[in-house]
Structures are given as C-alpha cells and as structure tokens.
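Just so it is clear: in the sequence shown, position 100 is 100 by full-length UniProt numbering, and no numbers are missing. Since the structure comes first, as structure tokens, the remarks are kept for the end.
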Amino acid sequence: MSDYSAVKAALRRQHIETPSWAFGNSGTRFKVFEQEGVPRDAYEKIADAATVHRFTGVAPSVAVHIPWDRVDDYSGLAKHAEDLGVRLGAVNPNVFQEDEYRLGSVCNPDPAVRKKAVAHLLECVDIMDAIGSRDLSVWLADGLNYPGQDSIADRQARLEEALAAVYERLGENQRMLLEYKFFEPAFYATDVPDWGTSYAHCVELGDKAQVLVDTGHHAPGTNIEFIVAFLLRKHRLGGFHFNSRFYADDDLMVGAADPYQLFRIMVEIVLGGGLDSASGVAFMLDQCHNIEPKIPALIRSVQNVQEATAKALLVDVDALRSAQRDGDVLGANGVLTDAFATDVRPLLAELREEMGLDPDPIAAYRRSGYAERIVAERVGGAAAGWGA
C-alpha cells in the first residue's frame with residue numbers, strides 16, 4: 001500500500017481544467033434544455049469556473065472556446081480570471097460551425113476556405129499570447145460522407161500544410177494538442193480519425209505537437225489505456241478531454257459510464273509518470289451537461305477524476321511488478337482490483353480539510369447560496385449555449 005502522505009501530495013499537484021462551454025446551455029440535436037442562472041458571456045462563465053475551483057481546490061484553470069468566448073480585450077479577460085482566483089487555460093478554435101465549412105475546414109478542396117480556417121487558428125495563437133496560454137487544442141470536424149467525395153490523400157496533404165503553418169507560429173512555451181475522433185459529423189472517413197493519425201502528424205511537426213485524447217472519441221471496446229501507455233512512452237501525450245460515453249461521443253460526466261475504465265487510464269498515467277509536472281500531461285474536462293445542473297456536475301466530475309487518481313496511486317506497484325514477472329495472471333489482476341475496490345472518499349475528504357476546504361464540495365456549494373444568487377442576478381440578455 002502506498003504511503004498516504006505521498007498520495008495526498010500527488011493529488012494536491014493534480015490540476016483539472018474546466019471548459020467554459022460546459023457552463024452554458026447544451027443539449028442534443030433534438031433539444032437544448034435551458035436552465036436558469038446560465039452565464040451570458042465569457043466573464044460569467046469564468047465566475048462559475050472559479051466557483052468550481054473554490055470548492056474543489058484543484059481546478060485552477062478554465063479553457064476557452066473561440067468564437068464562443070470572444071471578447072474585445074483578452075488581457076482584460078485574463079485579469080478577470082486572475083481576480084477570481086483562476087487563470088485561462090487552453091484555447092479551443094472553432095472551424096466547424098460556419099457554412100463555408102460544409103466540406104471541411106483546413107482539408108476543404110477550396111483554397112479560400114482553407115485560408116480562412118488557418119487564419120482563425122492563427123488568431124487563436126494570438127489570443128494565447130494575450131492570455132498567457134500554453135495549449136492550442138485543435139479538433140477538426142473535417143471528413144467525408146461518401147466514397148469518392150474527395151481525395152483522401154489530398155486531404156491529408158492539405159492537413160499537413162495547415163498544421164505546419166500553425167505550428168510555425170507557436171511561441172517557445174506553447175504547444176499544439178491535436179485531437180482525434182473516429183466519426184461524426186463525417187460518417188465515411190474522418191481526416192483525423194484516430195490516435196495513430198494524430199501521432200503521425202505530431203511526430204512530423206515536432207516536439208511542440210502532442211496528441212490530445214478525448215475519452216469519448218473511440219469505437220466501442222477500444223483499449224484507451226493502451227493508447228495512453230504508448231503515447232506516454234513516446235512522450236507524445238499532451239492531455240485529455242475527459243468525459244464519459246455509453247454509445248458514441250456522449251460527453252457525459254467523466255466516470256459515469258465506466259469508472260473502472262477511468263481507473264485503468266489513471267493507472268497507466270501513474271505508472272508512466274504522467275502525474276509529474278515535467279510530463280506536461282493536461283487533465284481537462286470536455287462535457288455537456290444537458291439535464292443536470294452545470295456547476296454541481298463539474299464539481300462531481302472533478303471529484304470523479306480525483307477518486308480514480310487516488311485509487312491508481314494506491315496500486316501496490318511492487319506487488320504488481322512481482323506478479324507480472326512471475327507470470328501470476330490472477331495475482332497481478334488482483335492488485336489492480338484491490339486498489340479499485342478501495343473507498344478513497346475518506347482520504348479525499350481528509351485531504352480537502354487539510355487544504356482548508358469543505359470535505360463535501362457539492363454540499364458546500366449548495367449551502368453557499370451561489371446557485372440562487374446567479375439565478376436572481378442573471379436576468380435579461382442571451383444565455384450562453386452550445387454554438388454561442
């Protein structure tokens with residue numbers, strides 16, 4: 001059993017970034033359900049993100065999405081975040097919601113559309129400069145719906161050209177995280193469909209290009225922990241967009257569908273040194289809270305990542321390696337299942353008290369009156385939502 005003080009120290013160091021868009025109204029292609037007290041602009045989203053950090057103590061940054069979070073003064077937005085006790089994190093470009101992108105963005109057969117898409121990606125690097133952001137999180141909806149619609153090879157060439165232009169613009173301490181998704185909205189072929197495609201492009205670009213793993217962007221049965229272990233070994237794991245899925249990219253609360261999978265991923269993170277600050281692995285949430293209240297859902301999500309991490313830290317590594325060397329299949333598996341079965345909630349409650357926090361973050365949030373206050377104050381104007 002690992003030393004609890006070492007486990008607590010590792011948990012203190014782990015930071016989990018929240019996404020600005022998760023605080024707005026969201027839904028499915030059938031319906032967006034509106035909630036009271038939803039932020040109306042980027043400033044109010046950051047206030048909600050700061051609230052999540054205030055009750056969890058481990059969510060000190062919030063990712064922004066452009067143009068959903070576009071403001072006139074990004075330095076001022078960063079200062080607003082700092083005043084609230086958080087900072088702005090990854091910048092997420094949007095090259096999938098304009099009519100010109102019907103046939104793709106950087107892979108589009110039209111050079112004018114590709115030029116527009118690259119210009120937006122470069123604009124986002126300018127924003128990174130203004131807010132002090134390290135990570136540009138790139139997800140592309142580009143792909144094909146029908147065989148013969150376009151040249152698959154030509155689209156890869158266009159992709160390489162666009163990524164190279166953006167990579168060249170990155171500052172010394174900035175990175176490009178290239179996300180992948182095996183389908184949707186393209187249904188025949190996606191231009192960055194899997195970790196191997198992302199990895200190949202990143203290797204070609206250079207050390208400042210890393211793979212971003214979205215836990216919802218895989219085919220059923222995909223062994224995500226294998227991907228994590230491989231990328232860690234190759235020093236190409238940039239980070240995660242944590243969420244949960246039952247069938248496709250559901251973007252549900254992380255750990256909701258398969259907490260054992262989240263644990264297995266975190267085991268590989270721990271064993272591969274991914275919790276060390278030098279690894280550069282970013283832990284980020286990417287979720288849409290459609291029917292549940294936004295802030296408690298994000299607090300719970302942070303807790304779920306913490307619980308999976310704590311269990312992974314409790315794996316008896318010496319016993320695990322010994323069983324592996326001896327070919328003791330059941331013994332090795334038992335080491336993992338024993339750690340997973342451990343109730344780490346008392347450990348985390350004790351840690352929060354040591355950090356000057358309430359041991360039950362959601363209960364503390366409900367008692368705080370923040371939910372009632374934002375409902376009363378956020379009257380009028382347009383509520384932020386998916387696509388805005």
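Just so it is clear, CB atoms sit at the ideal spot from N, CA and C, and this is done for glycine as well.
Option nearest Q149 by Cα separation, candidates T190, M176, H80 and V166: The residue you call residue 149 lines up with position 149 of the sequence shown. Of the listed residues, the one whose Cα sits closest to Q149 is T190.
Buried versus exposed, by CB contacts within 10 Å (16 or more), A229: Within the sequence shown, residue 229 is the residue found at index 229, counting from 1. Per the 10 Å Cβ criterion, buried.
Nonlocal neighbours in the same chain, by C-beta distance under 6 Å from L122, ignoring five residues either side: What you label residue 122 is simply residue 122 of the sequence shown in a count that begins at 1. Contacts found: R169.
Counted within 10 angstroms of its Cβ, other Cβ atoms place G238 as buried (16 or more) or exposed: As a first step, residue 238 must be located in the sequence shown, where it is residue number 238. Buried: at least 16 other Cβ atoms inside 10 Å.
Contact under 8 Å by Cβ, A339 with V375: For this step, residue 339 is matched to residue 339 along the sequence shown. For this step, residue 375 is matched to residue 375 along the sequence shown. Against a cut-off of 8 Å, the Cβ pair of V375 and A339 comes out as no contact.
Under 8 Å between C-beta atoms of E39 and A384: In the sequence shown, counting from the first residue as 1, residue 39 sits at position 39. In the sequence shown, counting from the first residue as 1, residue 384 sits at position 384. First, the residue type needs correcting, since residue 39 is Pro and not Glu in the sequence shown. Cβ distance < 8 Å, so P39 and A384 count as in contact.
Those residues which DSSP pairs with T190 across a bridge: The residue labelled residue 190 in the question sits at position 190 within the sequence shown. According to DSSP, T190 bridges with G143.
Euclidean distance between Cα positions of K181 and D214: Stepping through the sequence shown from its first residue, residue 181 is reached at position 181. Stepping through the sequence shown from its first residue, residue 214 is reached at position 214. So the two alpha carbons sit approximately 8 Å from each other.
Three-state secondary structure assigned by DSSP to E372: Position 372 of the sequence shown holds residue 372. Helix, per DSSP.
Nearest to I295 (by Cα), restricted to the options A10, N25 and L11: One-based indexing of the sequence shown puts residue 295 at position 295. Nearest of A10, N25 and L11 to I295, Cα basis: N25.
Burial state of A50, where buried means 16 or more other Cβ atoms lie within 10 Å: Position 50 of the sequence shown, counted from the start, is the residue given in the question as residue 50. By the neighbour-count rule (16 or more Cβ atoms within 10 Å), A50 is buried.
Cβ pair Y167, K208 closer than 8 Å: Against the sequence shown, residue 167 aligns to sequence position 167. Against the sequence shown, residue 208 aligns to sequence position 208. Taking 8 Å as the Cβ cut-off, Y167 and K208 qualify as a contacting pair.
Cα-Cα separation between S277 and F283, rounded to whole angstroms: Within the sequence shown, the letter at position 277 stands for residue 277. Within the sequence shown, the letter at position 283 stands for residue 283. Using only the alpha carbons, I get a separation of about 11 Å.
Buried versus exposed, by CB contacts within 10 Å (16 or more), M266: For the purposes of this step, residue 266 is taken as the residue at position 266 of the sequence shown. That one is buried.
Where R13 falls, given that 16 or more other Cβ within 10 Å makes a residue buried: Locating residue 13 in the sequence shown gives position 13, counting from the first residue. Classification for R13: exposed.
For P293, the nearest candidate out of L330, A319, F23 and A81 (CA to CA): In the sequence shown, counting from the first residue as 1, residue 293 sits at position 293. Cα-wise, what sits closest to P293 is F23.
Local Cβ density within 10 Å of M1, reported as buried at 16 or more and exposed below that: Within the sequence shown, the letter at position 1 stands for residue 1. Here the model assigns M1 a pLDDT of 37, short of 50, so the residue's position is not dependable, and the following value carries that caveat. Its Cβ having fewer than 16 others within 10 Å, M1 is exposed.
Option nearest F96 by Cα separation, candidates P259, K116, D83 and L84: Your numbering for residue 96 matches position 96 in the sequence shown. When each option's Cα is compared against that of F96, the closest is K116.
Where L284 sits in the DSSP three-state scheme: For the purposes of this step, residue 284 is identified with residue 284 of the sequence shown, where counting begins at 1. For clarity, residue 284 is Met in the given sequence; the question names Leu instead. Three-state result, M284: strand.
Cβ pair G57, L298 closer than 8 Å: Locating residue 57 in the sequence shown gives position 57, where the first residue counts as 1. Locating residue 298 in the sequence shown gives position 298, where the first residue counts as 1. No.
Stretch pair the stretch 118-133 + the stretch 88-95: three plus CB contacts closer than 8 Å: yes
Segment limits, alpha helix (DSSP H) that includes I16: Counting from 1 along the sequence shown, the entry for residue 16 is found at position 16. I16 -> not in any alpha helix (DSSP H); beta strand (DSSP E) instead, spanning I16 to P19.
Contact under 8 Å by Cβ, H201 with L177: Within the sequence shown, the letter at position 201 stands for residue 201. Within the sequence shown, the letter at position 177 stands for residue 177. No, Cβ-Cβ distance for H201 and L177 is not below 8 Å.
Where the alpha helix (DSSP H) through N304 begins and ends: Numbered from 1 along the sequence shown, position 304 holds the residue referred to as residue 304. N304 -> alpha helix (DSSP H) spans K294 to L313.
CB contact flag (A42, D73, <8 Å): The residue given as residue 42 occupies position 42 in the sequence shown. The residue given as residue 73 occupies position 73 in the sequence shown. Contact flag unset, no.
Pairwise C-alpha distance: V317 and A141: In the sequence shown, the residue the question calls residue 141 occupies position 141. In the sequence shown, the residue the question calls residue 317 occupies position 317. Whole-angstrom Cα-Cα distance: 40 Å.
Reduced DSSP secondary structure (H/G/I, E/B, other) of A90: If you number the sequence shown from 1, residue 90 lands on position 90. It is a strand residue.
First through last residue of the beta strand (DSSP E) which encompasses F230: As a first step, residue 230 must be located in the sequence shown, where it is residue number 230. Careful: F230 lies outside any beta strand (DSSP E), inside the alpha helix (DSSP H) at I224 to R233.
Contained alpha helix (DSSP H) runs [length at least 4] in the stretch 329-369, N- to C-terminal order: 329-341, 345-354 and 361-368
Rounded separation between M128 and R325 - CA only: For the purposes of this step, residue 128 is taken as residue 128 along the sequence shown, with counting starting at 1. For the purposes of this step, residue 325 is taken as residue 325 along the sequence shown, with counting starting at 1. So the two alpha carbons sit approximately 47 Å from each other.
Runs of beta strand (DSSP E) lying entirely within the stretch 59-137, each at least 3 residues, in chain order: 61-66 and 87-93
Through-space distance from D328 to G27, alpha-carbon basis: For the purposes of this step, residue 27 is taken as the residue at position 27 of the sequence shown. For the purposes of this step, residue 328 is taken as the residue at position 328 of the sequence shown. Taking the straight line joining both Cα atoms gives about 47 Å.
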